[in-house]
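Below is one structure; the comments refer to it alone.
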Amino acid sequence: MGDVMGERTPYQYSDSKVTVNTTVDIFRGIPYAKPPVGDLRFAKPEPMDPWTEVYNATYFRPICWQIVIDNSTDGQSEDCLHLNIYSPNVQGSGYPVFVRIHGGGFIQGSGIGASYDGRPIVAMSDMVVVTMNYRLNAFGFLATGDPEMPGNYGLWDQNLSLKWIKENIHGARWNVMDILVERHFDETAQFQTIASGNMMAPWGLEQDTQKARSDAFLVGRLAGCGDATNGGELRDCLRQVDEERLIAAANAALATTTNVIPLVPTIDGEFITDDPRHLLEQKKFKMCDVMLGNTKDDGSLVAMRAYPGQLPRPQPTSDFETFLDRVARFTYTYTNDVIVNSIAQQYLDWEDFDDPETNYFYKYIELITDEAFHCPGEHTARVYAMSGNSVYRYYFTFLRPGTVQIPTWYGVGHTNDLPYVFAYFMNPRMQANFTSREKDFSLDLMRYYTNFAKTGDPNVGIPVSFSWEPFTVPGLNILDEKPDFEAIPGARAEFNAFWNDYVVKLVTYSADLSEVEHQWREEFNRWKNDDLPAWRQDFQEYQDSDQCST
Numbered sequence: 023m024g025d026v027m028g029e030r031t032p033y034q035y036s037d038s039k040v041t042v043n044t045t046v047d048i049f050r051g052i053p054y055a056k057p058p059v060g061d062l063r064f065a066k067p068e069p070m071d072p073w074t075e076v077y078n079a080t081y082f083r084p085i086c087w088q089i090v091i092d093n094s095t096d097g098q099s100e101d102c103l104h105l106n107i108y109s110p111n112v113q114g115s116g117y118p119v120f121v122r123i124h125g126g127g128f129i130q131g132s133g134i135g136a137s138y139d140g141r142p143i144v145a146m147s148d149m150v151v152v153t154m155n156y157r158l159n160a161f162g163f164l165a166t167g168d169p170e171m172p173g174n175y176g177l178w179d180q181n182l183s184l185k186w187i188k189e190n191i192h193g194a195r196w197n198v199m200d201i202l203v204e205r206h207f208d209e210t211a212q213f214q215t216i217a218s219g220n221m222m223a224p225w226g227l228e229q230d231t232q233k234a235r236s237d238a239f240l241v242g243r244l245a246g247c248g249d250a251t252n253g254g255e256l257r258d259c260l261r262q263v264d265e266e267r268l269i270a271a272a273n274a275a276l277a278t279t280t281n282v283i284p285l286v287p288t289i290d291g292e293f294i295t296d297d298p299r300h301l302l303e304q305k306k307f308k309m310c311d312v313m314l315g316n317t318k319d320d321g322s323l324v325a326m327r328a329y330p331g332q333l334p335r336p337q338p339t340s341d342f343e344t345f346l347d348r349v350a351r352f353t354y355t356y357t358n359d360v361i362v363n364s365i366a367q368q369y370l371d372w373e374d375f376d377d378p379e380t381n382y383f384y385k386y387i388e389l390i391t392d393e394a395f396h397c398p399g400e401h402t403a404r405v406y407a408m409s410g411n412s413v414y415r416y417y418f419t420f421l422r423p424g425t426v427q428i429p430t431w432y433g434v435g436h437t438n439d440l441p442y443v444f445a446y447f448m449n450p451r452m453q454a455n456f457t458s459r460e461k462d463f464s465l466d467l468m469r470y471y472t473n474f475a476k477t478g479d480p481n482v483g484i485p486v487s488f489s490w491e492p493f494t495v496p497g498l499n500i501l502d503e504k505p506d507f508e509a510i511p512g513a514r515a516e517f518n519a520f521w522n523d524y525v526v527k528l529v530t531y532s533a534d535l536s537e538v539e540h541q542w543r544e545e546f547n548r549w550k551n552d553d554l555p556a557w558r559q560d561f562q563e564y565q566d567s568d569q570c571s572t
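Residue numbers (the numbering used here): 23 to 572.
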């Protein structure tokens, strides 16, 4: 790559629970790929050429284009493929590398936000922490389902960044022993941890190529490329559109959808070759130890989109008819009346059904948490465990007393585990005010994660207060992450079976068969009117023949 100038910073923290006095080396904004502009827009990233002068890595670079601007940055740019390294200031080798790939539904996020500061982990566990940006939204995932715009550019960014980490950190003064990847999978990783998203999450993949293509041309029309008739013309036109106009068009397209984020990974035949469910069934995945889980109310994030009018209300409500409408429009499963009513049958308390004041809002949060987060994670955990891998599954249920959520009904919502896993109370850019009990809880969670990164076992390494037993089949052990840790075997087993088995079959059995029936009738009529008479004639000729050939 070339020489890099970083910043050596003292890091100190002290209270009754922990004392740290060390120095951390920080390298900010190192480019791992060429700027994805011009002909590299909507293309795989290309490795960065080596530089000859000393590269100034003492400040963060802009984040990738997205919906919300992170106030901690200098703005957004298409030239955003940079990573950040936090390292112990001790000469040596063999440091494991903890890679955090940010979440955000592929439409927002970055590796430079205050919550991604790696100093607490470096100081507490002697690990190297790396964060990075990757292309998002239209820049990262616009796809027409053909070779002209295959999509998944943001995933290729992640892949290239991991290769950069392995090659360059290994070549410097660290050896890449293990890579702990938050949220996404990497073929080079030995141990992996996945937060609330996972490969089976229905919101994380557009399997309908025609839907992805339609969304791409919608963005094109909104960006002034309405005359494009094929993927190549659309790509060439959009490469001429300035960044601000393209992101505005993508955000406008997002506003027209219901439950589906329109610009996410797709099955491109190369990076993602098939439906993840099929890949799991066929064991076409890297065998490795896995830690994964979700928060109790992850689905409140989706409820904010399904019930936008309820955001400012301290106690949101939903009557039965509105609930059914949201189930039909804001779930990720194919729905018809049979499926919607089956979901209602599974989740509703029918003792209260006749009461017109019954509030169904929180039932929606419960079911969408199961469908979009908990049950996909359960399916992934089962397959990995049954394939001989060590799997550690968690269910984060802790809501700190006196917490004021925005909105107030958010509950133990999406990402509420991160302040504890990454010790925000020790983060100089966050300075979270934790109670003594919360600090103990946070330190335990951080030790679980860093122990797992080093050994593949969250219990081996720095001592923890509670032994986390692995998830096995039929054991189904899950760690209830709260200050008083608890094992909860078979958590939400009934709902896992409902979404992972029953609904899958129900969709197959009750899907709209009109087109299938139409095709079948055409085939039947062709067979009846063409093939059958021809067969009868041939058979009659055979019977009438004096001899048969052998």
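Heads up, the beta-carbon is just placed ideally off N, CA and C, and yes, glycines get one too.
Keep in mind it's a predicted model, so treat the numbers as computed, not measured.
What are the boundary residues of the alpha helix (DSSP H) that includes residue i?
{"i": "G254", "result": "G253 to L260"}
{"i": "P464", "result": "Looking at the sequence shown, residue 464 is not Pro but Ser. From DSSP, the alpha helix (DSSP H) with S464 extends over S458 to T477."}
{"i": "H300", "result": "P298 to E303"}
{"i": "R351", "result": "F342 to R351"}
{"i": "Y369", "result": "D359 to Y369"}
{"i": "G242", "result": "T231 to L244"}
{"i": "D179", "result": "Y175 to W186"}
{"i": "N106", "result": "Looking at the DSSP string, N106 is not in any alpha helix (DSSP H); the run it does join, the beta strand (DSSP E), is H104 to P110."}
{"i": "I269", "result": "E265 to A277"}
Could you give the residue range of the beta strand (DSSP E) that holds residue i?
{"i": "R30", "result": "E29 to S36"}
{"i": "E503", "result": "L501 to E503"}
{"i": "T166", "result": "Neither: T166 is in no beta strand (DSSP E) and is coded neither H nor E."}
{"i": "P330", "result": "From DSSP, P330 is part of no beta strand (DSSP E); its letter is neither H nor E."}
{"i": "N43", "result": "T41 to P53"}
{"i": "L62", "result": "Neither: L62 is in no beta strand (DSSP E) and is coded neither H nor E."}
Round the Cβ separation of residue i and residue j to the nearest angstrom and send it over; I've been treating them as touching at under 8 Å.
{"i": "D311", "j": "G478", "result": "4 Å"}
{"i": "N155", "j": "H104", "result": "6 Å"}
{"i": "T317", "j": "N499", "result": "About 18 Å; that fails the 8 Å criterion."}
{"i": "V413", "j": "F493", "result": "4 Å"}
{"i": "V286", "j": "I191", "result": "Wrong, their Cβ atoms sit about 30 Å apart, outside the cutoff."}
{"i": "A275", "j": "D237", "result": "6 Å"}
{"i": "K504", "j": "T419", "result": "5 Å"}
{"i": "I123", "j": "C102", "result": "14 Å between Cβ atoms; not a contact."}
Do the CB positions of residue i and residue j come within less than 8 Å of each other?
{"i": "Y117", "j": "D148", "result": "yes"}
{"i": "G433", "j": "D297", "result": "no"}
{"i": "R83", "j": "G51", "result": "yes"}
{"i": "N411", "j": "M309", "result": "yes"}
{"i": "Y470", "j": "W490", "result": "yes"}
{"i": "H288", "j": "N174", "result": "Note on residue identity: the sequence assigns Thr, not His, to residue 288. Taking 8 Å as the Cβ cut-off, T288 and N174 qualify as a contacting pair."}
{"i": "F383", "j": "T339", "result": "yes"}
{"i": "C397", "j": "F307", "result": "no"}
{"i": "P110", "j": "F444", "result": "no"}
{"i": "V152", "j": "I187", "result": "yes"}
{"i": "V26", "j": "Y77", "result": "yes"}
{"i": "F239", "j": "M171", "result": "no"}
{"i": "G166", "j": "R235", "result": "Here the sequence assigns Thr to residue 166, which means Gly is not the residue at that position. Against a cut-off of 8 Å, the Cβ pair of R235 and T166 comes out as a contact."}
{"i": "G315", "j": "Y417", "result": "yes"}
{"i": "G321", "j": "I387", "result": "yes"}
{"i": "R404", "j": "E460", "result": "no"}
{"i": "S99", "j": "S458", "result": "no"}
{"i": "F49", "j": "G24", "result": "no"}
On the DSSP bridge assignment, give the partners of residue i in chain order.
{"i": "H124", "result": "None; H124 has no bridge partner."}
{"i": "A509", "result": "L501"}
{"i": "D523", "result": "Note: D523 sits in no beta bridge, so no partner."}
{"i": "N316", "result": "Y417"}
{"i": "N78", "result": "M27"}
{"i": "D290", "result": "BP columns for D290 are empty, so no partner."}
{"i": "E228", "result": "T288"}
{"i": "I85", "result": "Q98"}
{"i": "D71", "result": "DSSP, once it has assigned bridges, lists no residue as partnering D71."}
{"i": "F139", "result": "It should be noted that the sequence gives Asp, not Phe, for residue 139. In DSSP, D139 forms no bridge with anything."}
Counting only runs that start and end within the region 374-451, where is the alpha helix (DSSP H) found for 4 or more residues in a row? 383-391, 397-408 and 440-443, all fully within the region 374-451.
Unbroken stretches of the beta strand (DSSP E), 3 residues or longer, contained in the region 142-166: Along the length of the region 142-166, whole beta strand (DSSP E) runs at least 3 residues long occupy 150-154, reported in chain order.
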